[in-house]
Amino acid sequence: MEFRHTCVVKTVGLRNAQQTGHQNAGARSAAASGPAGEGHTREAVIKLLLEEGPITATAIGERLGLSPAGVRRHLDALIESGEARATRSAPWQQKGRGRPAKQFQLTATGRGKLGHAYDDLAGAAMRQIRELGGDQAITDFARKRVQAIVAGVGELAGHTPAETEAKAEEIAEAFTEAGFAASTRKVGAGVQICQHHCPVSHVAEEFPELCAAELEAFREILGTHVQRLATIANGDCACTTHVPLVAPKPNIAQQKSAQPLVAQPATTSTHDSGRSAE
Numbered sequence: 003m004e005f006r007h008t009c010v011v012k013t014v015g016l017r018n019a020q021q022t023g024h025q026n027a028g029a030r031s032a033a034a035s036g037p038a039g040e041g042h043t044r045e046a047v048i049k050l051l052l053e054e055g056p057i058t059a060t061a062i063g064e065r066l067g068l069s070p071a072g073v074r075r076h077l078d079a080l081i082e083s084g085e086a087r088a089t090r091s092a093p094w095q096q097k098g099r100g101r102p103a104k105q106f107q108l109t110a111t112g113r114g115k116l117g118h119a120y121d122d123l124a125g126a127a128m129r130q131i132r133e134l135g136g137d138q139a140i141t142d143f144a145r146k147r148v149q150a151i152v153a154g155v156g157e158l159a160g161h162t163p164a165e166t167e168a169k170a171e172e173i174a175e176a177f178t179e180a181g182f183a184a185s186t187r188k189v190g191a192g193v194q195i196c197q198h199h200c201p202v203s204h205v206a207e208e209f210p211e212l213c214a215a216e217l218e219a220f221r222e223i224l225g226t227h228v229q230r231l232a233t234i235a236n237g238d239c240a241c242t243t244h245v246p247l248v249a250p251k252p253n254i255a256q257q258k259s260a261q262p263l264v265a266q267p268a269t270t271s272t273h274d275s276g277r278s279a280e
């Protein structure tokens with residue numbers, strides 16, 4: 003399954019347009035009220051919460067062409083089932099005066115329903131690898147797995163902000179193809195690689211070497227120190243990694259020898275998505 007920002011919106015719009023033959027938002031909302039459209043729209047809301055959450059109801063309506071009542075119906079259903087939750091926007095996210103708007107995001111239950119295929123089997127296999135080869139065998143496996151994901155991504159040649167940002171986007175695209183629904187966003191003097199979904203998050207809770215190997219791969223490709231701000235395995239909304247756009251180039255060989263491959267816990271944050279860096 004692949005999650006992309008454009009696919010979520012365009013797919014819903016095309017489906018509804020084919021059903022009604024109209025492009026306006028009112029027609030899309032009407033089409034979504036039918037049984038089939040209802041299911042497609044709920045799926046689109048869930049994907050938007052996954053990729054953009056925390057996100058306001060107004061933003062959801064604008065992205066999907068839904069009426070406020072339609073958005074509220076889907077959000078209420080997801081909250082009632084325990085798949086989503088509402089929080090208040092942080093002061094720095096508030097636009098204008100008045101009470102902070104509510105933002106919505108998926109819960110662990112909601113993420114679990116997206117599918118974590120063969121978690122039990124994968125966990126059993128990993129435990130067997132550790133029993134036969136010890137911790138080093140797990141580390142080697144984790145590294146090879148990440149190397150397969152970024153096999154087509156070469157190391158960063160020039161360390162300019164533009165080139166670093168482009169390489170981070172290349173990494174995100176590789177992880178998206180592997181099912182991580184990754185994206186990048188510019189934040190201050192850096193760029194963040196955000197993995198909105200993790201198909202192995204349940205296994206990574208027991209084997210943090212999987213997360214650590216990803217971070218090590220990021221450092222090697224980008225040729226600079228990167229910092230994990232949040233991880234899904236630790237209960238956050240996304241795996242968020244901060245990459246400085248302008249920084250002295252460290253000696254990666256020395257960094258690797260000085261730092262054993264261990265998972266970095268998410269830093270303490272008041273925002274589950276790791277957006278405190280903004």
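Position 139 (the sequence shown) corresponds to 141 in this note's numbering; numbering is contiguous. We treat Cβ as the ideally placed atom computed from N, Cα and C, and that holds for glycine.
Query                                                                                                                                                                                       : Result
Taking just the CA atoms, how far does Ile131 sit from Lys146?                                                                                                                              : 14 angstroms
Would you kindly check if the distance between the Cβ of Cys213 and the Cβ of Ala206 is under 8 angstroms?                                                                                  : yes
For Leu51, count neighbouring Cβ atoms within 10 angstroms of its own Cβ and tell me buried if that reaches 16, exposed if not.                                                             : buried
Beta-carbon separation of Gly192 and Val245 under 8 angstroms?                                                                                                                              : yes
Might you give, ordered along the chain, the residues of its own chain that have their beta carbon closer than 8 angstroms to the beta carbon of Ile57, omitting 5 neighbours on each side? : Leu50, Leu51, Gln105, Phe106, Gln107
So the alpha helix (DSSP H) Cys213 belongs to, where does it begin and stop?                                                                                                                : 211–224
For Arg221, which of Glu208, Thr166, Gly136 has the nearest alpha-carbon?                                                                                                                   : Thr166
According to DSSP, is Phe182 helix, strand or coil?                                                                                                                                         : coil
Which residues bound the beta strand (DSSP E) around Pro246?                                                                                                                                : 241–246
Which partner residues does Ala88 have in the DSSP bridge list?                                                                                                                             : Phe106
With respect to 7 angstroms, is the separation between the Cβ of Cys241 and the closest non-hydrogen atom of the ligand FAD below this value?                                               : As far as ligands go, the structure on display features none, and thus does not contain the ligand FAD.
Between which two residues does the alpha helix (DSSP H) containing Gly192 stretch?                                                                                                         : That residue, Gly192, is in no alpha helix (DSSP H); its beta strand (DSSP E) goes 192–197.
Only counting the same chain, and skipping five residues up and downstream in sequence, which positions put a Cβ closer than 6 angstroms to that of His76?                                  : Arg44, Val47
Between which residues of its own chain and Phe143 is the CB-CB distance below 7 angstroms, once the five residues before and five after are set aside?                                     : Ile131
Hey, could you find the ends of the alpha helix (DSSP H) Val80 is sitting in?                                                                                                               : The question names Val, yet the displayed sequence has Leu at residue 80. From DSSP, the alpha helix (DSSP H) with Leu80 extends over 70–82.
Taking DSSP's pairing of strands, which residues face Val189 in a bridge?                                                                                                                   : Gly192
Tell me whether the beta-carbon of Ile285 lies closer than 8 angstroms to the beta-carbon of Val148.                                                                                        : Residue coverage of the chain in this structure runs from 3 to 280, which leaves residue 285 outside it and unanswerable.
In whole angstroms, what is the alpha-carbon distance linking Glu157 and Ala215?                                                                                                            : 16 angstroms
Can you say whether Arg90 is buried or exposed, counting buried as having 16 or more other CB atoms within 10 angstroms of its CB?                                                          : exposed
Check Leu158 in the structure and name its three-state DSSP category.                                                                                                                       : coil
Using the beta-carbon count (16 or more within 10 Å), is Arg113 buried or exposed?                                                                                                          : buried
Starting from Ala61, follow the alpha helix (DSSP H) in both directions and report where the run begins and ends.                                                                           : 59–66
Check for me: the beta strand (DSSP E) holding Ala306 runs from which residue to which?                                                                                                     : Lying outside 3 to 280, the shown extent of the chain, residue 306 is not represented and no answer is given.
Name the DSSP beta bridge partners of Gln229, please?                                                                                                                                       : His244
Relative to the C-alpha of Asp238, which candidate in His199, Phe209, Glu218, Gln229 has its C-alpha closest?                                                                               : His199
So the alpha helix (DSSP H) Ala206 belongs to, where does it begin and stop?                                                                                                                : 203–208
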